[in-house]
Each structure stands twice: as structure tokens, then as C-alpha cells.
Amino acid sequence: MTNSFAKAVADEAILRSSLEEADIVVSALVLAHLGGDLSILDEVKPFIHGAWNYQEKIPDELKKNIRERLVATLIESAKSNRPLVRGLSDAALKKIMCVGAGQEIPDEYLPLMAEELRLNDEDHRALQWRRDPRELPREDFKVVVIGAGLSGICAGMRLKEAGIPFDILEKNDELGGTWYENSYPGCGVDTANHIYSFSFHPKPDWTRHFSKQKEILNYIKDVADRFDLRGQIRFGVEVEKFEWDDDASLWSVTVRGKDGSRKTMRCNAVITAVGLLNRPAIPAIPGLSEFKGECLHTAQWDHNVDLRGKRVVMIGTGASGMQVGPEIAPEVASLTIFQRSPHWAAKNPLYHSAVSEGQVWALKNIPLFNEWQRFLLFWASSDVFHSTLQMDDKWTRPEQSLNQANHEMREMLIAHIREELGGDEELIAKCVPSYPPYGKRMLRDNYWYRMLRRENVKLVTDRIDRVTADAVVSKDGQVHAADVILLATGFQAGKVLWPMSIRGSGGVELEKEWGEDDPRAYLGMTMPKFPNLFLTMGPNTGLAHGGSMIFHIECQIKYILQALREMIESGHSALEVRREVHDLYNVLVDEKCRNMVWSHSGVTSWYKNKNNRVTTTSPWRLVDYWDLTQAFDPSEYRIFSPRPAASEARTAHDESVA
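Here is the structure:
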């Protein structure tokens, strides 16, 4: 985000009062960047112990000095009409990063962060044509994007920017994907908002550090409106199947409207943007269909159901359960929670906090404030813990933890649980997981443990035997009366691209290629026998060690656009990843995953398939995946030429089937 110096100093009183509230470490980094004098970094370095804003202990007098010097720098820059210089030498960039993060940062992260923060005043994730695009037949190349959530909106923005025709197909009546479908009480993000946003469209005015569903959905809508994408989105149509035509080198995509009508559209390439968390998992519990009260899945919340004064049974204690439980507990008559296994939940002092007015003002008005805030949150939430999630074969406590650092984390998390539960040993025993931290998704403590101490809340660890008309019966025979059953049971994340039917070259079925639950793809994006099909958030690309999913999405869309460029510029009809490239990559992924916490023998989760192979999460550090997706390499693909005539690619209204 580019701001003029004049804007920052238009009202000096507001500037000064805002800096009193704004994050002091960000102010110091901005001062070092704008002023060119890195000596301030030596002054603050001893007092910064991590990248989160609560990890600094800068003395008040030094804070005052930083603010005064930053005000003076901004005023002088405005008076002299100094141009904003975003670029830095590698040495300066590294020093600012290391001091801000409170630790040494390897050189390999410098180009990544320069790109993420746009410090060279260029958007290096935008497609760069190698030939004059005005001379290319871009209008003859059509792309279908399936899904209008975060991935679909990112794909649409980059396709439109590149001048490549596209349609986005969305089964819902509105965009937003999982943030449209999930609206249960307490629904929100576990990633800090200022990095849970696109690098090309930062939002300086988030109201909270970890925002709730409505604000996130409004952000996604704002991105679509800002880049004028709604005209390319077809709402209320669900893709049933798509099939590759070898002769024409085109995909035939069949969609079904809400009225049951079907249409087929032809396109050169398909980008799937359906995500992993979009098909609710309904547990097969005997008698569930016989329940006479209301039964709600968190992803299918009915806001007409009034929970006040009701006896509520909630099944599941994962991410959605941990968010919805504390929200509804104060208003229900009773809340009985069935827990199959406990999750680790970490405390973050910012999780329930609003962003101060001064911080918002600084992010909006002070040059580079947004960028350095983004860096700090990126680093605090990304690869910091990756090494602690790898198994040490010499570690003496492998049942509980992976290594010394992982064990220290475990002890810290247990201390938090004990403190929150006030020494209730029976409850503590139910809440401390037996497996290492991060074995399952690490959650944010949404006052979950405090909720469990309420008189109207009961945590049940016995398995469910059956459901009756008005109760849930546990295996020990206890009857738990219920007016409402809440299913916080997650999604069918292992069924990638389900329930769409997909046939590739020669009519091969993707479902048979992958089997029931063993999806694989090169870089999580492409598969042999499926030309011109590109996945976002495909197999082994989910983030479970840290970071923002949006970062992975941007990496993938950049790579996919380069693949499309290869075809458009060279006149190729299709690209298909080579089998040996695909297979070798997946061997490497499996090797890395086997040494990560998700493969721990004591962990059962949706990260793994029935054969205990990790299929959803990425074993890579963010910097590794960024490097892997930096440049599309044509030598890794089979290339088919020439491309068919433009008339072969038709849009949905050109051809329909009953």
C-alpha cells in the first residue's frame, strides 16, 4: 500500500496521538527504513524477544524517542517532497527483519519477504508476459474457475489482470466459499488478520487482530468488487462433472442450476478453487435421523433456531466446536460436549483484542507501516515452529513429544490448561492430549477451558452409543437429554474435489487414479493424464505448522498463470505433468511427512488417510514452497501442439444439455 508523506503529517496532533497507540516495534522498523539510519535498530534490539507485539520490553523513554524521530522523519520527508524509496539493500533488509523478529533470519527469506511486502515497488506475483500481449490470441484461450472463495477470487483477479478470458462457477448464491457457508456463533479466523489477506489488497482497518466471519466475508466481497469480478461469476450453478476431449484439447464442464437444468461449457483450462473444508462430515450415529429436536451442523447453521434456555448436546471439540461452545454456553440451559479426543489450544493475548484506533490510523496513513506490520505477523506465524515438529529419533519421550523444543511447548500448553481449569484434576486429565503438540490442528484458546468450568457445561469423554428422540446415550448407558444437537464434526477433507466426476485423457477417472482417499498431485496442483487441470489447495498443500493459507494460494495462482502463459505464448494446446516428475515429487513429500508430527503413531486426524499417509498437509516450510512455485518449468511437462481453433472453446450459453 503506497501512502504519501503529506498524508501522514496533514494533522501532526493526530499523527502523534496515533503513534502513542501504534505498535512501537513497527514504528522502529519504519523509522529505520524511511530514515536510512539503522542505528535505531541497535538501540531496540536488546528489548525485542519475538515478532508478536506483546514480546517487546522497550523502555518508555526509548519508545518516546522512536516516536519523536519518526514524526520528524515524516515531516522532513513531506517538506522536502522526498520520494518514497521502498527498496532496500539485502544487508539493510536483513537487519531490519532480524531485529524486528527478535532472532536471526536466514538469507533465503530475503527475496520472499521483498516479494511479499512489494519492497521493490513491483508486484512480482502478477503475470509478466514475455511477448507483447497485444499480439497474442488471449481472447481465444478460455479458463473456467470452480469456486468463488479466496482461491477463486485470487485466480479471477490475476486472470483479469492478465487479460485471459474466464468464468467463475459458484454453487452458492454469494461468493466467499467457506466464509459464506460457515456462520455459526463465534466463527472466526485463527490466523492474524493482517496476513489473512491478499498481498495485493491489504486491509488496514481490520477491527480485530483475529476477526470474525462477517468481517472476513466482507473483505472477500470487497476484493471482488475492487477488481470488478462479479461480472465473471455465475452464481447458483454446481459443477457435476468435467471431461477432457483429447481430439479438441478442451474440457467439457457440465453444471447444474438450482432449477435442475444442466449446461455444458467448453474451455481450454480448468482451475479448481473448491477448498478442502466445504463438504460437511455427518457422523454415522445410530438413531440420529430419529431425533425429534433440531440437529445442526456448524457449517449449515440455521439462525432461526433459538438456543436460549435449551438443553444442547455438542458433538466434536475441534476448531468449530472450540469457537461455538464458549459463545453459546452462557445462554443455554445446559451444554453437554462429547469429546472423542482433546485438542491442544494455545493462548494468544491478541485473540480477543480489538485493533486500536491509533494502529488503524498508522496502517492507513504512514508509509510502509502496513508492510512492516505484515512482515512481523508473517514471521511470528510461519516457519518459526517448523523444525520443532520434526521427529528426533534419539528423543526419549516419543509418546508425548518429538524433541526438546516440542516438549517445552507441551509443558507450556499444559501449564496454561492447568491455570485455566483451576486445579480440577479430573477435568485436566480429560483436556490434556496424549499426543505431541501440533499432531492435530493447533487451535486458539477461545476461553474454552474457562467455559468447561461453568456449572451448566459438562464434558463427556465416553463414546456415543446412540441417539433417541430426545437424548444422546453414551456407551456407559448415561442418557443426556437434548433439545438441540450440534454437530461440530468438521468436513470430508480427505475427499478432494468430491463429489465432482472428473475424466482426463483417454477417459481415465480421477476417482480411480486416487482411490477412495489417496490424492496426490505435483506441487499439489497438477496430475498426469489430466491436461490443463490445475488445483488450488490440492493434496499436501494445507498449512498445519503455521502461516496463512492465502500465501499458499498466491504462490499457486502465480505458478498456474505462468503455465497458462506458456500455452498462450507458444500456441500449445495442452500441458500435462510428466509421470516421473509427479511420482518423484510425491516420494519426497511422503518422506518428509513421515518425519513430521502428523505421522505420529498416537495421532488420528483428518490429515491422514486410512493407511496413515498424510494427504492434506504440506511438509514444506513456506520458503520452500515459495521457491518450488516461483517459476513454471516446461521441461517437467508433456507439451501438446497446436492449439485448436478459437471456435472450439465455447462458453456455457453456447451449448446446453438436458
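Note that the sequence shown covers residues 29 to 686 in this note's numbering. Ideal Cβ placement from N, Cα and C applies to all residues, glycine included. Fair warning: this is a prediction, and the values are worked out from it, not measured in the lab.
Inset, instruction - Mind listing, in chain order, the continuous beta strand (DSSP E) runs of no fewer than 3 residues lying wholly within the stretch 185-232? - result: Positions of the beta strand (DSSP E) runs, each at least 3 residues long and wholly inside the stretch 185-232, are given as 194-198 in order along the chain.
Legend entry - Spatial distance of Asn-194 from Tyr-466 (CA atoms): Stepping through the sequence shown from its first residue, residue 194 is reached at position 166. Stepping through the sequence shown from its first residue, residue 466 is reached at position 438. Note that residue 194 is Phe in the sequence shown, not Asn. Distance between the alpha carbons of Phe-194 and Tyr-466 is about 39 angstroms.
Legend entry - Buried or exposed by the 16-neighbour rule on C-beta atoms within 10 Å, applied to Gln-387: As a first step, residue 387 must be located in the sequence shown, where it is residue number 359. With 16 or more other Cβ atoms within 10 Å, it is buried.
Legend entry - Inter-residue Cα distance where the pair is Arg-666 and Leu-592: Within the sequence shown, numbered from 1, the residue matching residue 666 stands at position 638. Within the sequence shown, numbered from 1, the residue matching residue 592 stands at position 564. CA-to-CA, the gap between Arg-666 and Leu-592 works out to about 14 angstroms.
Legend entry - Arg-678 versus Glu-167 - alpha carbon distance: Start at 1 with the first residue of the sequence shown, and residue 678 comes out as number 650. Start at 1 with the first residue of the sequence shown, and residue 167 comes out as number 139. Caution is warranted here: a pLDDT of 38 is assigned to Arg-678, below 50, making its placement in the model unreliable, and the coordinate value is therefore given only provisionally. For Arg-678 and Glu-167, the distance between alpha carbons rounds to 12 angstroms.
Inset, instruction - Can you have a look at Ala-41 and say buried or exposed, based on whether 16 or more other CB atoms are within 10 angstroms of its CB? - result: Taking the first residue of the sequence shown as position 1, residue 41 is located at position 13. So Ala-41 ends up on the exposed side.
Inset, instruction - Please report how far the alpha carbon of Gly-259 lies from the alpha carbon of Ala-301, in whole angstroms. - result: The residue you call residue 259 lines up with position 231 of the sequence shown. The residue you call residue 301 lines up with position 273 of the sequence shown. Distance between the alpha carbons of Gly-259 and Ala-301 is about 18 angstroms.
Inset, instruction - Going by DSSP, name the residue or residues bridged to Ser-280. - result: Indexing the sequence shown from 1 puts residue 280 at position 252. Glu-271 and Arg-294, per the DSSP bridge assignment.
Legend entry - Whether Tyr-208 touches Thr-326 by CB criterion (8 angstroms): The residue labelled residue 208 in the question sits at position 180 within the sequence shown. The residue labelled residue 326 in the question sits at position 298 within the sequence shown. Taking the C-beta atoms as reference points, Thr-326 is found no nearer than 8 angstroms to Tyr-208.
Legend entry - Exposure of Met-7, with buried meaning 16 or more beta-carbon neighbours within 10 Å: What is shown of the chain runs 29 to 686, which leaves residue 7 out entirely.
Inset, instruction - Quick one: measure Cβ to Cβ for Ser-46 and Trp-400, integer angstroms, because I've assumed they're closer than 8 angstroms. - result: Indexing the sequence shown from 1 puts residue 46 at position 18. Indexing the sequence shown from 1 puts residue 400 at position 372. With 8 angstroms as the limit, Ser-46 and Trp-400 do not qualify as a contact, their Cβ atoms being about 15 angstroms apart.
Inset, instruction - Taking only runs that begin and end inside the stretch 579-644, name each unbroken alpha helix (DSSP H) of 4 or more residues, in chain order. - result: The qualifying runs are 607-622.
Legend entry - As assigned by DSSP and simplified to three states, the class of Ile-299: Within the sequence shown, numbered from 1, the residue matching residue 299 stands at position 271. Looking at Ile-299 - three-state DSSP - the assignment turns out to be strand.
Inset, instruction - State the beta-bridge partners of Phe-263 as determined by DSSP. - result: Position 235 of the sequence shown holds residue 263. Glu-198, per the DSSP bridge assignment.
Inset, instruction - Rounded to whole angstroms, what's the CA-CA distance from Ser-663 to Ser-669? Just pull it up for me. - result: Here residue 663 corresponds to residue number 635 of the sequence shown, with the count starting at 1. Here residue 669 corresponds to residue number 641 of the sequence shown, with the count starting at 1. Each residue's alpha carbon lies about 15 angstroms from the other.
Legend entry - CB contact flag (Val-383, Asn-484, <8 angstroms): By one-based count along the sequence shown, residue 383 stands at place 355. By one-based count along the sequence shown, residue 484 stands at place 456. It is not a contact, given that the beta carbons lie outside the stated cut-off.
Inset, instruction - Can you give me the start and stop residues for the beta strand (DSSP E) that Ser-502 sits inside? - result: To locate residue 502, count along the sequence shown from 1; it is residue 474. DSSP places Ser-502 inside the beta strand (DSSP E), whose first and last residues are 499-502.
Legend entry - Distance between Arg-307 and Asn-148 (C-alpha atoms, nearest Å): Along the sequence shown, read from residue 1 onward, the residue named residue 148 stands at position 120. Along the sequence shown, read from residue 1 onward, the residue named residue 307 stands at position 279. Distance between the alpha carbons of Asn-148 and Arg-307 is about 41 angstroms.
Inset, instruction - Give the secondary structure of Tyr-550 by DSSP, where H, G and I count as helix, E and B as strand, and everything else as coil. - result: Here residue 550 refers to the residue found at position 522 when the sequence shown is read from its first residue. Correct three-state label for Tyr-550: strand.
Legend entry - Host beta strand (DSSP E) of Asp-118 (start-end): In the sequence shown, counting from the first residue as 1, residue 118 sits at position 90. Boundaries around Asp-118 are those of the alpha helix (DSSP H), 118-129, since no beta strand (DSSP E) includes it.
Inset, instruction - Say whether the stretch 347-361 touches the stretch 524-540, bearing in mind that this needs 3 or more beta-carbon pairs closer than 8 angstroms, one atom from each stretch. - result: Segments in contact, no.
Inset, instruction - Would you mind reading off the limits of the alpha helix (DSSP H) that contains Ser-362? - result: Here residue 362 refers to the residue found at position 334 of the sequence shown. Segment 362-366 is the beta strand (DSSP E) holding Ser-362; no alpha helix (DSSP H) there.
Legend entry - Which residues DSSP lists as bridging Gln-418, in chain order: Position 390 of the sequence shown, counting from 1, holds the residue named residue 418. Met-624, per the DSSP bridge assignment.
Legend entry - Option in Gly-115, Trp-272 and Ile-578 with minimal Cα separation from Leu-178: The residue you call residue 178 lines up with position 150 of the sequence shown. From the listed residues Gly-115, Trp-272 and Ile-578, the smallest Cα separation to Leu-178 is found for Ile-578.
Inset, instruction - Within its chain, find whatever has a CB closer than 7 angstroms to the CB of Trp-476; leave out the 5 residues flanking it on each side and keep chain order. - result: As a working note, residue 476 is residue 448 in the sequence shown. Correct list, in chain order: Met-350, Gly-353, Pro-354 and Ala-373.
Inset, instruction - Using 10 angstroms around the beta-carbon of Val-507, count the other beta-carbons present and answer buried if the total reaches 16, otherwise exposed. - result: Numbered from 1 along the sequence shown, position 479 holds the residue referred to as residue 507. When all chains shown are included, Val-507 counts as exposed.
Inset, instruction - Determine the closest residue to Val-127 out of His-61, Asn-109 and Trp-272, with distance taken between C-alpha atoms. - result: One-based indexing of the sequence shown puts residue 127 at position 99. Closest by alpha carbon: His-61.
Inset, instruction - Please list, in chain order, all residues of the same chain as Val-651 whose beta carbon is under 7 angstroms from its beta carbon, the five residues on each side excluded. - result: Within the sequence shown, residue 651 is the residue found at index 623, counting from 1. Result list for Val-651: Glu-136, Tyr-137, Leu-140 and Asp-411, in chain order.
Inset, instruction - Quick one: grab the DSSP three-state call for Ile-94. - result: Counting from 1 along the sequence shown, the entry for residue 94 is found at position 66. Ile-94: helix per DSSP, three-state reduction.
Legend entry - For Arg-186 and Ile-68, the rounded distance between their alpha carbons: Against the sequence shown, residue 68 aligns to sequence position 40. Against the sequence shown, residue 186 aligns to sequence position 158. Rounded to the nearest whole angstrom, the C-alpha separation of Ile-68 and Arg-186 is 39 angstroms.
Inset, instruction - Determine the closest residue to Ile-445 out of Met-479, Lys-468 and Pro-527, with distance taken between C-alpha atoms. - result: The residue labelled residue 445 in the question sits at position 417 within the sequence shown. A check of alpha carbon separations from Ile-445 across Met-479, Lys-468 and Pro-527 identifies Met-479 as the nearest.
Inset, instruction - Report the option in Ser-108, Asn-109, Ala-142 and Lys-107 whose CA atom is closest to the CA atom of Thr-118. - result: Residue numbering aside, residue 118 sits at position 90 when the sequence shown is read from its first letter. Just to set this straight, residue 118 is Asp in the shown sequence, not Thr. Asp-118 has its Cα closest to that of Ala-142, out of Ser-108, Asn-109, Ala-142 and Lys-107.
Legend entry - Cβ separation of Leu-571 and Ser-646, assumed to be a contact under 8 angstroms, to the nearest whole Å: Counting from 1 along the sequence shown, the entry for residue 571 is found at position 543. Counting from 1 along the sequence shown, the entry for residue 646 is found at position 618. Confirmed, about 6 angstroms.
Inset, instruction - Check Asp-493 in the structure and name its three-state DSSP category. - result: What you label residue 493 is simply residue 465 of the sequence shown in a count that begins at 1. Correct three-state label for Asp-493: strand.
Inset, instruction - Whole angstroms is fine: what's the gap from Cys-295's alpha carbon to Phe-270's? - result: Residue numbering aside, residue 295 sits at position 267 when the sequence shown is read from its first letter. Residue numbering aside, residue 270 sits at position 242 when the sequence shown is read from its first letter. About 10 angstroms.
Inset, instruction - Kindly indicate which three-state DSSP category Pro-308 falls into: helix, strand or coil? - result: For the purposes of this step, residue 308 is identified with residue 280 of the sequence shown, where counting begins at 1. In the three-state reduction of the DSSP assignment, Pro-308 falls in the strand class, which pools E and B.
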